[in-house]
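To start, the structure itself, in structure tokens.
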Amino acid sequence: MSVLRVGNASGFYGDRFDAMREMLTDGPLDVLTGDYLAELTMLILGRDRLKNPDAGYARTFLRQLEECLGLAHEREVKIVTNAGGLNPAGLADAVRALAERLGIPVRVAHVEGDDRTAAHPGTLAAHAYLGGFGIAACLRAGADVVVTGRVTDAALVTGPAAAHFGWGPTEYDRLAGAVVAGHLLECGAQATGGNYAFFQDGDVRRPGFPLAELHADGTSVVTKHDGTGGFVDVGTVTAQLLYETGGARYAGPDVTARLDTVRLSQDGPDRVRVEGVRGEAPPPTLKVGLNRLGGFRNEVAFVLTGLDVEAKADLVRTQMEPALGRITDVRWDLARTDRPDAPTEETASALLRLVVRDTDQQAVGRALSGAAIELALAGYPGFHVLAPPGKGAPYGVFEDVYVPHGAVDHVAVLHDGRRVSVSPPPDQDTAVPAPVPEPPLPQPLPPGPVRRAPLGLVAGARSGDKGGDANVGVWARTDDAWRWLAHALTADRFRELIPEARDLPVTRHQLPNLRALNFVVEGILGEGVAAQARFDPQAKALGEWLRARHLDIPEALL
Numbered sequence: 001m002s003v004l005r006v007g008n009a010s011g012f013y014g015d016r017f018d019a020m021r022e023m024l025t026d027g028p029l030d031v032l033t034g035d036y037l038a039e040l041t042m043l044i045l046g047r048d049r050l051k052n053p054d055a056g057y058a059r060t061f062l063r064q065l066e067e068c069l070g071l072a073h074e075r076e077v078k079i080v081t082n083a084g085g086l087n088p089a090g091l092a093d094a095v096r097a098l099a100e101r102l103g104i105p106v107r108v109a110h111v112e113g114d115d116r117t118a119a120h121p122g123t124l125a126a127h128a129y130l131g132g133f134g135i136a137a138c139l140r141a142g143a144d145v146v147v148t149g150r151v152t153d154a155a156l157v158t159g160p161a162a163a164h165f166g167w168g169p170t171e172y173d174r175l176a177g178a179v180v181a182g183h184l185l186e187c188g189a190q191a192t193g194g195n196y197a198f199f200q201d202g203d204v205r206r207p208g209f210p211l212a213e214l215h216a217d218g219t220s221v222v223t224k225h226d227g228t229g230g231f232v233d234v235g236t237v238t239a240q241l242l243y244e245t246g247g248a249r250y251a252g253p254d255v256t257a258r259l260d261t262v263r264l265s266q267d268g269p270d271r272v273r274v275e276g277v278r279g280e281a282p283p284p285t286l287k288v289g290l291n292r293l294g295g296f297r298n299e300v301a302f303v304l305t306g307l308d309v310e311a312k313a314d315l316v317r318t319q320m321e322p323a324l325g326r327i328t329d330v331r332w333d334l335a336r337t338d339r340p341d342a343p344t345e346e347t348a349s350a351l352l353r354l355v356v357r358d359t360d361q362q363a364v365g366r367a368l369s370g371a372a373i374e375l376a377l378a379g380y381p382g383f384h385v386l387a388p389p390g391k392g393a394p395y396g397v398f399e400d401v402y403v404p405h406g407a408v409d410h411v412a413v414l415h416d417g418r419r420v421s422v423s424p425p426p427d428q429d430t431a432v433p434a435p436v437p438e439p440p441l442p443q444p445l446p447p448g449p450v451r452r453a454p455l456g457l458v459a460g461a462r463s464g465d466k467g468g469d470a471n472v473g474v475w476a477r478t479d480d481a482w483r484w485l486a487h488a489l490t491a492d493r494f495r496e497l498i499p500e501a502r503d504l505p506v507t508r509h510q511l512p513n514l515r516a517l518n519f520v521v522e523g524i525l526g527e528g529v530a531a532q533a534r535f536d537p538q539a540k541a542l543g544e545w546l547r548a549r550h551l552d553i554p555e556a557l558l
């Protein structure tokens with residue numbers, strides 16, 4: 001059967017607005033996907049729904065579609081999106097109303113059944129991560145636009161691929177290939193040079209969005225429209241493949257993909273071939289993401305300039321102590337951004353950051369802000385803050401639980417109103433993922449002179465969040481660099497280089513086909529991004545921090 005060209009026009013709620021139009025006009029496509037959901041987004045949409053029961057979906061998508069629905073119809077491009085969020089039926093109705101107003105004859109379907117909020121009292125939103133076969137049912141029945149709620153990001157690609165090629169639920173290798181392609185597309189421009197460690201290898205001022213040419217056997221080529229910005233090479237694809245993953249087994253509701261079997265090769269300019277992906281039976285359970293309000297938080301950053309920074313910080317802590325005594329969670333962080341004999345006031349200053357959390361908004365609001373601002377004329381010399389603290393804002397907490405497939409009523413609501421149930425896999429067609437035995441290490445480099453230098457001179461990295469955990473994928477660009485990296489960057493060395501991780505569980509996974517290591521750091525993000533537990537709450541720059549750390553590197557690699 002023919003190649004299926006699937007593109008992406010959104011990696012998150014708030015991504016580049018013009019991307020949908022660009023993807024439809026800059027080159028040929030069969031399917032255009034948009035990923036609007038993340039753990040934090042579900043919390044934001046949950047708060048929207050508290051104010052308006054008819055809300056709960058990504059409103060940006062509708063505004064994009066107003067400009068682009070006619071283009072998609074003219075070019076016969078199907079649109080598949082999880083912008084339905086907490087209210088896929090509501091968004092589907094809104095798309096129909098928009099199409100009618102514009103006079104465009106499109107068939108709109110949606111997928112539902114992910115909402116588990118009623119089963120988890122006290123949550124703002126509880127949603128199961130569904131697979132792609134509900135999307136496939138909608139497309140097979142003739143839908144032009146398919147709206148979902150919480151599905152896995154990769155399902156936006158596995159669904160269209162299963163519909164187009166006629167795959168069944170046990171064609172694991174093919175499904176796994178589509179999962180990998182979907183994972184590579186889901187974050188938009190991250191696959192085309194965005195957020196890339198070696199960004200100076202190309203022009204990334206305005207990277208184009210990616211697309212995948214999928215084949216019936218599950219192989220694919222990741223590329224972008226000709227003439228668009230950014231670049232696609234083995235490095236950009238490796239970086240995205242490692243993003244927010246863990247071990248060799250990447251489990252999802254449709255299939256468990258073996259990331260250790262993925263082979264990447266350059267297939268021409270801005271083309272990377274993805275092949276060799278093996279698949280296994282999916283796990284017997286579905287992940288359910290739980291979002292709840294955790295309380296209220298506030299923060300203030302005191303600017304400490306010039307001499308005696310540590311003593312000034314001690315004075316602030318002492319003066320603030322009476323106001324903080326009854327607050328549940330108090331955290332101080334001193335960032336020594338100052339330098340001696342600095343040429344500017346800013347570079348002569350350090351930041352002392354105070355973050356407080358409590359279930360009582362009053363405790364973290366006026367009580368904190370009053371105590372901080374009252375020090376304006378009674379504190380350390382040079383007292384000022386970056387901004388006055390506010391009244392205290394609500395924060396969220398994310399956690400995940402797992403339920404059997406059969407506990408969720410996965411339903412495709414077709415464009416003509418018919419409801420088609422998506423059967424869960426039989427028990428005999430599921431398997432609990434087990435850790436993959438670590439592969440043997442490559443032969444070490446022969447002994448030779450070394451030089452103290454940043455890791456990033458010989459390795460790339462990309463990091464991200466999963467609930468309270470973070471992952472850091474690190475890859476080498478040459479075989480020799482991989483031979484060194486695999487031996488040098490152990491879990492213990494990682495803890496040394498990242499002091500925040502010293503007392504946390506750190507698991508290292510080897511992926512030799514990618515010349516990569518993937519580190520999972522448990523608990524470094526506290527209760528998840530919405531809790532804002534650290535300076536970089538989504539661990540987006542954790543990998544770049546690691547690349548900036550110095551260690552002894554063979555001179556032959558430098």
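Take 1 as the starting number for the sequence shown in our numbering and just add one per residue. Ideal Cβ positions, reconstructed from N, Cα and C, are used throughout, including at glycine.
Where residue i falls: helix, strand or coil (DSSP)
i: Asn87; result: coil
i: Arg63; result: helix
i: Asn82; result: coil
i: His183; result: helix
i: Asp93; result: helix
i: Tyr172; result: helix
i: Thr123; result: coil
i: Ala533; result: coil
i: Ser349; result: strand
i: Leu511; result: strand
i: Gln266; result: strand
i: Asp358; result: strand
i: Trp167; result: coil
i: Arg75; result: coil
i: Asp492; result: helix
Cβ-based burial, residue i [other Cβ within 10 Å; buried from 16]
i: Ala97; result: exposed
i: Ser349; result: buried
i: Ala602; result: The question about residue 602 has no answer here: the residues shown for the chain are numbered 1 through 558.
i: Gly268; result: exposed
i: Ala126; result: buried
i: Ser2; result: exposed
i: Phe535; result: exposed
i: Leu557; result: buried
i: Ala251; result: buried
i: Gln362; result: exposed
i: His110; result: buried
i: Gln190; result: buried
i: Ala335; result: exposed
i: Gly473; result: buried
Straight-line Cα distance separating residue j from residue i
i: Pro160; j: Pro499; result: 44 Å
i: Leu352; j: Pro505; result: 28 Å
i: Arg16; j: Ser220; result: 25 Å
i: Gly460; j: Ala197; result: 5 Å
i: Gly563; j: Leu86; result: Given that the chain is displayed from residue 1 to residue 558, the structure contains no residue 563 and the question cannot be resolved.
i: Glu66; j: Cys138; result: 22 Å
i: Leu184; j: Gly246; result: 15 Å
i: Trp167; j: His415; result: 22 Å
i: Met320; j: Ala367; result: 10 Å
i: Ala119; j: Leu290; result: 11 Å
i: Ala212; j: Ala181; result: 7 Å
i: Ala376; j: Phe383; result: 6 Å
i: Pro121; j: Gly34; result: 30 Å
i: Glu186; j: Gly11; result: 6 Å
i: Thr285; j: Arg150; result: 15 Å
i: Arg317; j: Gly396; result: 27 Å
i: Val146; j: Glu112; result: 11 Å
i: Pro144; j: Gly406; result: Here residue 144 turns out to be Asp, not Pro, going by the sequence shown. About 29 Å.
Cβ neighbours of residue i in the same chain (closer than 6 Å, five flanking residues each side left out)
i: Val300; result: Leu354, Ala372, Val385, Pro389
i: Gly131; result: Ala155, Pro253, Asp254
i: Ser265; result: Arg273
i: Thr192; result: Pro207, Gly208, Pro210, Lys224, Gly230, Val232
i: Tyr13; result: Tyr36, Thr41, Ala58
i: Leu32; result: Gly7, Ala9, Met23, Val77, Ile79
i: Thr359; result: Gly295
Close-in-space but distant-in-sequence residues of the same chain around residue i (CB under 7 Å, 5 per side omitted)
i: Ala548; result: Pro454, Gly456
i: Ala136; result: Gly159, Ala162, Ala163
i: Pro28; result: Arg5
i: Pro435; result: Gly247
i: Asp48; result: Ala55, Gly56
Any non-hydrogen atom of the ligand HEM closer than 6 Å to residue i Cβ
i: Phe494; result: For the ligand HEM, the structure offers nothing, since it holds no ligand at all.
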